[in-house]
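Number of protein chains: 2
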Amino acid sequence: MARQSGDERRKSGGDNEGRIRARNEAKILEVSVRLFSTKGFDGTTISEIAEESGLPKANVYYYFQTKAAIYERLIAEVFDDWDAALRHIRPEREPREAIGDYVREKLESSRRNAAQSRFFAGELLRGGRFLSRGQRQHMRDVTREACAAVEQWIAEGRFPALDPRHFFIMIWATTQFYADFAPVVAATLEVPRLRKADFDDAAEQILKAIHF
Amino acid sequence: MARQSGDERRKSGGDNEGRIRARNEAKILEVSVRLFSTKGFDGTTISEIAEESGLPKANVYYYFQTKAAIYERLIAEVFDDWDAALRHIRPEREPREAIGDYVREKLESSRRNAAQSRFFAGELLRGGRFLSRGQRQHMRDVTREACAAVEQWIAEGRFPALDPRHFFIMIWATTQFYADFAPVVAATLEVPRLRKADFDDAAEQILKAIHF
DNA sequence: GTCTATAAGCTGATAGAC
DNA sequence: GTCTATCAGCTTATAGAC
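Those protein sequence lines, which keep their order, are chains A and B. Residues in the first sequence are numbered from 1 upward in steps of one, following UniProt numbering. Residues in the second sequence are numbered from 1 upward in steps of one, following UniProt numbering.
Written as structure tokens, this is what we have:
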């Protein structure tokens, strides 16, 4: 690394600049997802993002043209994860195992990225104004595919005759709830704050409660 | 009505003034819950509330001292409904009927008051900063009571050995999801917008999917 | 790439005439 | 009770020196 001459480094696209850019952008995004998730789009200020990122406000604007650009970048990042877990749902797999893996992965990823999960939930709660047409279409396509797998299981007599669409809604609702509405869950479980063990319990209870 | 003299009416506390106050306050609250639910606390402006209420901004301040006061009043209103539906869960009732009534009422009330439901979900999503200590305690008490009823059913062998706390979380998560994340649900069901029939389907599918 | 200074506009909230 | 006019403060975003 740092094989460039001083002259080259001062020009654009050098290794150093690239690394600084990557580090600063990552820091800004990491801080932003946390702030947006707890204070919303309008409640979050660029000054605050700059302060918590350890950068002057003008530098935040150097990396992202507007506040909305930061928000949209985060939407795109989170969006990629929406369907990643759905890869477990394949018609050739054993239903119990596939759904078990899916539920456990959903719960674990929302636990590990709680701010991201809440951020996305907030966006959906407000109607998903920042979601592009393509992103919406992609969600529909992925969902339809997963439903087709369940329908095949039903046709083969390996799964109860439930509407797969409502079945997935139920899974999403339940797995998201633990991370997104943690204060309610903690109050219900009568614990000061949620730990990994609570999420593990949740996975087992969900799988036990669903009739399949 | 209107039994007062003109002189009395001009003083404070008259029927007319009371009626005007009630009407204006109700209008402000009705408009506010819709705006807060789609734009959040900081994204909603008093000017906008005033405009959509058909009042000058100063009049909104005449009825509510601050923006937070409007928000808190709404929280209190919604809060009363949280446990109202839980009255169905009583140990002497038949589990299937009690839970069926509960799920159906939850879905129907969230459908009819979707803005209110989303408003409260948004507040919980952000950690419930506006919830008072007393309100939190009340939630815990009501939940504990409902769990006790389920535990009695289990002890009597009328209900599967599930953790009642996770069971209720699952019910809340699922029933709330349809109103709160309507765009996702509509996309999944492949309908342009949700109708009453979709909520009715949801109730039956949820009850069919849960193993009890 | 970094940072200070500042513009331009909007916000919550109030004063005070009617 | 109603409404106009206004303030003080904070916001996003930019200009321009280093």
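Where is the CB? At the ideal position from N, CA and C, for every residue including glycine.
- One Cα belongs to A/T44, the other to A/S117, and the distance between them is close to 17 Å.
- Residues of chain B with a Cβ closer than 9 Å to the Cβ of A/G43 are, in chain order, G40, F41, D42, G43 and R126.
- B/I210 sits in a strand when the DSSP states are folded into three classes.
- Assigned with DSSP and collapsed to three states, A/V191 falls in coil, not helix or strand.
- With contacts defined by Cβ atoms closer than 7 Å, A/H88 and A/Y102 form a contacting pair.
- When Cβ-Cβ separations below 7 Å define contact, A/L35 makes no contact with chain B.
- B/H211 belongs to the set of residues whose beta carbon lies under 7 Å from a beta carbon in chain A.
- Among the residues facing chain A, B/Q205 is included, as its CB has a counterpart in that chain under 7 Å away.
- In the structure shown, B/I89 adopts coil according to DSSP, grouped into three states.
- For B/L124 and A/A121, the gap between their C-alpha atoms comes out near 11 Å.
- Going by DSSP, B/T143 is part of the alpha helix (DSSP H) stretching over R133 to A155.
- Between B/L74 and B/L29 a beta carbon distance of about 6 Å is seen, short of the 8 Å cut, so the two are scored as contacting.
- With respect to the C-alpha of A/L55, the residue from A/P164, A/A26 and A/D141 having the closest C-alpha is A/A26.
- Three or more pairs of CB atoms, one per stretch, sit closer than 8 Å, so the stretch 193 to 204 of chain B contacts the stretch 99 to 114 of chain B.
- Counting along the chain, B/T175 sits inside the alpha helix (DSSP H) bounded by residues P164 to D180.
- Secondary structure note for B/A76: its alpha helix (DSSP H) is the uninterrupted segment K67 to A84.
- Considering only beta carbons, the part of the stretch 158 to 172 of chain A lying closer than 9 Å to chain B consists of P160, A161, L162, D163, R165, H166, F167, F168, I169, M170 and W172, in chain order.
- Under the Cβ criterion of 7 Å, B/A98 is not counted among the residues facing chain A.
- When rounded, the separation of the alpha-carbon atoms in B/P91 and A/D198 is 27 Å.
- Contact check for A/L35 and A/I49: beta-carbon distance about 6 Å, within the 8 Å limit, so the pair qualifies.
- A Cβ-Cβ contact shorter than 7 Å links B/A209 with A/I210.
- Between the beta-carbon of A/L107 and that of A/A187 there is about 19 Å, and that puts the pair past the 8 Å contact cut.
- Residue-level contact check: B/P183 touches chain A, since one or more beta carbons of chain A fall below 7 Å from its beta carbon.
- Contacts between B/F177 and chain A, judged by CB atoms closer than 9 Å, involve I169, M170, W172, A173, T174, Q176 and F177 in chain order.
- Inter-residue distance for B/W153 and B/A22 is about 45 Å (C-alpha atoms, whole angstroms).
- The continuous alpha helix (DSSP H) containing B/N59 extends over residues K57 to Y63.
- For B/P95, the uninterrupted alpha helix (DSSP H) run begins and ends at P95 to R112, by DSSP.
- By the 16-neighbour rule on beta-carbons within 10 angstroms, B/D80 is exposed.
- When the beta-carbon positions are compared, B/Y178 and B/V184 stay at least 7 Å from each other.
- According to the DSSP assignment, B/A50 belongs to the alpha helix (DSSP H) that extends over I46 to S53.
- Secondary structure of B/A161 (DSSP, three-state): coil.
- Against chain A, the beta carbon of B/R136 has neighbours under 9 Å at P183 and A187, listed in chain order.
- Chain-ordered, the chain A residues with CB closer than 8 Å to the CB of B/T143 read A187 and T188.
- At a cut-off of 7 Å between beta carbons, B/R140 contacts chain A.
- Of all residues in the stretch 77 to 104 of chain B, none is placed with a Cβ closer than 9 Å to any Cβ belonging to chain A.
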